[in-house]
Amino acid sequence: MTVSVIISVIYDLMFILPLSLAAASAVYPFVPGVSEAVWLLAIVSASVILVLLRHLKLRERLLLAGIVVTAFAAVIFYQGSGERLKFLSSHVWAVKDVGIALACFTVCVISSRFRILRTVIAAAGLIMLPASLFFGNRLGKLCVCSIFAYVLIVLIDEVHNRSDKEGNTDIHSHLVFTAPFLLAAFVVIAAVKIPGRPYGWGFVKAAASSVQSTIARISDMISGIDRDSDAPFIGFSDRGNLSGRLRGSGYTVMDLTSSAQGEPILYLSGRVFESFDGHEWTDTDTDNDTVTENDEGTQADDVLFDTLVTLSACIDASDDLLLSDVARSVKLTVDQKSISDDGTFIPPKSIPPEYDAIRAGDDRQVRYYRINMASPAFTDLCENGHIVTPESLEAAVLESDLEKDSAAERDDINTRYEKYKAYDLRMHDKYMPETVISDKLRAYIDEMLSGCGSDLEKLLRIEGLLRSFEYSDNPGPLPENIAGPSQYLDHFIFEKKSGYCSYYATAFVLLARAYGIPARYVQGYRVEMRDKLHVPVSSADAHAWPEAYLSGIGWVTFEPTPGIEGMLDTSGWKIHGNMSSYPVSAGKDEKISDAADDDTAEPDAVAKRFNINWRRIAVPVLFGAVFTGLLFLADALLKRRRYNMLSEHGKALWHCRQNMQLLRKKGYPRLANETLSEYEKRLGDTLGPEITGFISTYEKLLYSLPGSVRDTETDAIAASYTAIKKTLKRKRYSHHI
Numbered sequence: 007m008t009v010s011v012i013i014s015v016i017y018d019l020m021f022i023l024p025l026s027l028a029a030a031s032a033v034y035p036f037v038p039g040v041s042e043a044v045w046l047l048a049i050v051s052a053s054v055i056l057v058l059l060r061h062l063k064l065r066e067r068l069l070l071a072g073i074v075v076t077a078f079a080a081v082i083f084y085q086g087s088g089e090r091l092k093f094l095s096s097h098v099w100a101v102k103d104v105g106i107a108l109a110c111f112t113v114c115v116i117s118s119r120f121r122i123l124r125t126v127i128a129a130a131g132l133i134m135l136p137a138s139l140f141f142g143n144r145l146g147k148l149c150v151c152s153i154f155a156y157v158l159i160v161l162i163d164e165v166h167n168r169s170d171k172e173g174n175t176d177i178h179s180h181l182v183f184t185a186p187f188l189l190a191a192f193v194v195i196a197a198v199k200i201p202g203r204p205y206g207w208g209f210v211k212a213a214a215s216s217v218q219s220t221i222a223r224i225s226d227m228i229s230g231i232d233r234d235s236d237a238p239f240i241g242f243s244d245r246g247n248l249s250g251r252l253r254g255s256g257y258t259v260m261d262l263t264s265s266a267q268g269e270p271i272l273y274l275s276g277r278v279f280e281s282f283d284g285h286e287w288t289d290t291d292t293d294n295d296t297v298t299e300n301d302e303g304t305q306a307d308d309v310l311f312d313t314l315v316t317l318s319a320c321i322d323a324s325d326d327l328l329l330s331d332v333a334r335s336v337k338l339t340v341d342q343k344s345i346s347d348d349g350t351f352i353p354p355k356s357i358p359p360e361y362d363a364i365r366a367g368d369d370r371q372v373r374y375y376r377i378n379m380a381s382p383a384f385t386d387l388c389e390n391g392h393i394v395t396p397e398s399l400e401a402a403v404l405e406s407d408l409e410k411d412s413a414a415e416r417d418d419i420n421t422r423y424e425k426y427k428a429y430d431l432r433m434h435d436k437y438m439p440e441t442v443i444s445d446k447l448r449a450y451i452d453e454m455l456s457g458c459g460s461d462l463e464k465l466l467r468i469e470g471l472l473r474s475f476e477y478s479d480n481p482g483p484l485p486e487n488i489a490g491p492s493q494y495l496d497h498f499i500f501e502k503k504s505g506y507c508s509y510y511a512t513a514f515v516l517l518a519r520a521y522g523i524p525a526r527y528v529q530g531y532r533v534e535m536r537d538k539l540h541v542p543v544s545s546a547d548a549h550a551w552p553e554a555y556l557s558g559i560g561w562v563t564f565e566p567t568p569g570i571e572g573m574l575d576t577s578g579w580k581i582h583g584n585m586s587s588y589p590v591s592a593g594k595d596e597k598i599s600d601a602a603d604d605d606t607a608e609p610d611a612v613a614k615r616f617n618i619n620w621r622r623i624a625v626p627v628l629f630g631a632v633f634t635g636l637l638f639l640a641d642a643l644l645k646r647r648r649y650n651m652l653s654e655h656g657k658a659l660w661h662c663r664q665n666m667q668l669l670r671k672k673g674y675p676r677l678a679n680e681t682l683s684e685y686e687k688r689l690g691d692t693l694g695p696e697i698t699g700f701i702s703t704y705e706k707l708l709y710s711l712p713g714s715v716r717d718t719e720t721d722a723i724a725a726s727y728t729a730i731k732k733t734l735k736r737k738r739y740s741h742h743i
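In the numbering used here, the protein residues as written are 7 to 743.
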């Protein structure tokens with residue numbers, strides 16, 4: 007391979023590799039069943055092979071094709087006879103990888119002829135970066151680095167192309183000589199670890215929030231909205247009163263950034279209420295911080311125990327599944343924007359952070375568990391019940407890495423279990439007060455719940471009843487004669503049958519309590535993530551919903567508001583199967599052992615591990631050799647056919663060029679600006695005139711008309727090829743002696 011070919015190969019790779027890596031890293035999240043390293047290595051290998059096939063000579067291309075086919079045959083043949091089809095089906099991703107490499111290669115080949123296309127591609131990449139942030143589609147670090155690398159390479163290439171040069175005017179070599187510096191910069195940037203959290207810019211956020219809040223207040227004054235009145239408005243409120251209509255305007259209150267896609271709906275709890283007087287919800291813990299002290303500890307402890315209870319149930323439910331089929335850990339960053347919403351907003355099943363309520367300009371990270379509520383395993387738990395044991399509670403602590411959290415204190419297992427028992431008793435006492443309903447409503451609900459075998463089934467039927475009503479943001483004021491839960495339920499279920507979320511959440515909680523199930527009224531935000539990683543939250547996303555407490559399971563979110571998808575409708579994902587089909591990591595105190603690690607393994611079994619199956623090696627190599635040989639044979643036949651079709655003049659020229667090429671390969675090339683006569687004289691002094699005699703014939707052929715060559719001259723030129731080889735071989739041999 008000559009220097010010019012090497013420069014051309016590197017030049018093409020400088021454009022193709024960044025483009026291929028950017029495309030491959032962007033597509034990788036949608037390609038299951040392969041590690042990212044293998045995926046990227048395959049795309050790089052395919053790109054290099056395609057570039058080599060473009061620049062190598064025909065024989066070298068055939069040899070490279072033979073090597074690739076041999077390697078492929080070896081991999082396939084190495085699989086057992088019954089495993090080959092399965093192996094191919096599990097590696098379909100490789101076809102996609104090659105397709106991406108081929109598409110990028112084609113684009114780069116076209117752009118090498120139409121340079122404006124490179125500029126268009128670079129501009130599209132720069133536009134895609136902010137667009138992905140705007141739409142919440144987070145790109146991988148490698149993708150971003152590759153896009154910037156491609157843009158930088160195009161910029162350098164354009165500068166070289168448009169600048170005046172002296173001496174070496176080859177644009178390709180100028181760009182290739184910058185490759186080591188570009189590669190070093192790319193490696194350094196790709197290796198630098200991304201900070202877990204971006205710079206806060208707290209003073210900027212606080213100023214922006216102050217301006218936003220001022221604008222919101224002025225807007226409310228103009229529209230006549232009084233946020234201190236009893237009328238609920240669009241946005242979070244720490245009050246639990248029901249009124250005739252919703253009013254207000256939407257504004258951004260926070261930004262959410264999730265570490266994982268897949269969450270369609272996310273509920274952020276801001277305030278929990280326990281008592282209802284017919285018109286308003288109240289709570290004995292009047293401070294809405296998650297660290298508020300209660301009779302047995304803090305609200306943060308309650309949040310933590312709810313998470314551990316649910317996680318322990320998921321661990322017990324995953325006997326035949328991967329734990330990730332039932333529960334997945336997610337990190338959520340909450341970036342507060344508006345001081346109008348004052349509270350700590352966390353999703354269900356969180357590991358509570360160790361801080362007070364979030365203020366405007368703050369951003370905090372919370373870790374929570376997304377539960378696959380639609381999975382049969384979790385449904386069975388809810389229907390059949392689950393008993394938390396000291397062992398299952400400790401397993402949940404270990405699984406959640408709770409000891410690594412600064413908010414968690416180290417307790418021994420018995421102390422922690424006693425705290426859980428106190429928590430469970432407190433949830434029943436606090437959120438299941440005696441709730442009396444009218445005989446008419448009792449008879450109606452009894453008939454509706456007839457045949458229910460579990461609390462979950464009862465709750466789902468209650469939810470279904472309420473979802474059959476109508477949604478209205480202006481249901482009108484509640485009658486003054488309503489003096490308690492019973493009167494509210496009769497009015498809402500038998501007469502009104504319409505309202506907004508607060509009305510339906512209230513009815514659900516009261517009905518659940520009336521049938522012996524602890525329930526609570528929650529206000530916060532319902533955010534439609536829709537598989538996005540970054541989502542802004544508007545005050546219009548404020549929502550109220552009920553949660554029911556199932557012993558041994560924890561708090562479960564329901565959605566009785568008509569026209570709104572609930573957690574049980576959207577929180578599921580496809581499970582992978584049982585553990586016999588999918589690898590799982592061993593427990594913290596377990597070890598996976600086999601005969602290879604056992605000192606007592608039989609000698610024959612150990613020896614078999616070092617047995618080499620020569621047939622599996624020889625057959626692919628033989629296949630590759632035969633395939634390569636057939637390619638070379640086809641090449642020789644095609645060349646022979648083309649040679650036979652030449653005229654006598656063309657045949658003589660072909661032989662002369664072969665001789666010139668042989669001399670060049672053997673170290674006797676024609677110098678620049680050297681005529682054929684001068685070349686013949688110089689070589690004649692070194693090799694002898696019998697070797698160089700064909701050069702004068704070659705010069706005559708170049709300037710003579712076709713038809714002036716005799717067969718004997720063609721044969722003499724062809725014979726000189728063999729004479730050159732023998733002479734140069736003899737000369738090299740005598741030189742070594």
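We put the CB at the ideal spot given by N, CA and C, even for glycine.
Quickly, what does DSSP pair residue i with across the bridge? List them, please.
i, result
"alanine 550", "Gln529"
"glycine 470", "None; glycine 470 has no bridge partner."
"glutamine 371", "Thr339"
"asparagine 378", "Looking at the DSSP assignment, asparagine 378 forms no beta bridge with any residue, so it has no partner."
"proline 542", "Asp261"
"glycine 490", "According to DSSP, which records beta bridges pairwise, glycine 490 is partnered with nothing at all."
"glycine 246", "Trp287"
"phenylalanine 282", "Trp287"
"arginine 277", "Gln529"
Flag residue i as yes if its beta-carbon sits less than 7 Å from any beta-carbon of chain B, otherwise no.
i, result
"glycine 457", "Absent from the structure: chain B. Only one protein chain is present."
Specify the secondary structure class of residue i as computed by DSSP and reduced to three states.
i, result
"methionine 20", "helix"
"arginine 334", "strand"
"phenylalanine 141", "coil"
"glutamate 515", "According to the sequence shown, residue 515 is valine rather than glutamate. Looking at valine 515 - three-state DSSP - the assignment turns out to be helix."
"tyrosine 674", "coil"
"arginine 121", "coil"
"tyrosine 521", "coil"
"glutamate 686", "helix"
"leucine 455", "coil"
"threonine 563", "strand"
"tyrosine 756", "Residue 756 lies beyond the range of the chain shown here (7 to 743); nothing can be said about it."
"phenylalanine 351", "coil"
"isoleucine 271", "strand"
"isoleucine 357", "strand"
"tyrosine 506", "coil"
"arginine 736", "helix"
"arginine 646", "helix"
"glutamate 440", "coil"
"glycine 105", "helix"
"glutamate 534", "strand"
"glycine 146", "coil"
Contact defined as beta carbons within less than 8 Å: I believe residue i pairs with residue j. What is the distance between those atoms, to the nearest angstrom?
i, j, result
"tyrosine 156", "alanine 128", "6 Å"
"threonine 441", "alanine 520", "5 Å"
"alanine 52", "aspartate 103", "6 Å"
"isoleucine 49", "leucine 27", "7 Å"
"alanine 489", "glycine 284", "5 Å"
"serine 138", "proline 24", "Not quite, the Cβ-Cβ distance comes to about 17 Å (not below 8 Å), so this is no contact."
Do you know whose CA, among the options, lies nearest residue i's CA?
i, options, result
"cysteine 662", "Ser152, Glu280, Val278 and Tyr727", "Tyr727"
"isoleucine 419", "Val403, Ser118 and Leu708", "Val403"
"threonine 76", "Ala631, Ala333, Leu139 and Gln305", "Ala631"
"serine 544", "Val165, Cys320, Ser31 and Asp341", "Asp341"
"isoleucine 162", "Val198, Tyr17 and Ala401", "Tyr17"
"isoleucine 357", "Phe311, Ser398, Glu66 and His392", "Phe311"
"threonine 720", "Gly699, Cys458, Leu734 and Ile499", "Gly699"
"valine 126", "Thr339, Lys92 and Glu164", "Glu164"
"phenylalanine 21", "Thr563, Ile159 and Phe36", "Ile159"
Check whether the stretch 178-191 touches the stretch 53-64, counting contact only when three or more Cβ pairs, one atom from each stretch, lie closer than 8 Å.
-> With contact defined as three or more Cβ pairs closer than 8 Å, the stretch 178-191 and the stretch 53-64 are not in contact.
Is there contact here, the stretch 533-543 with the stretch 257-273, by at least three beta-carbon pairs under 8 Å?
-> Result yes; three or more Cβ-Cβ pairs closer than 8 Å.
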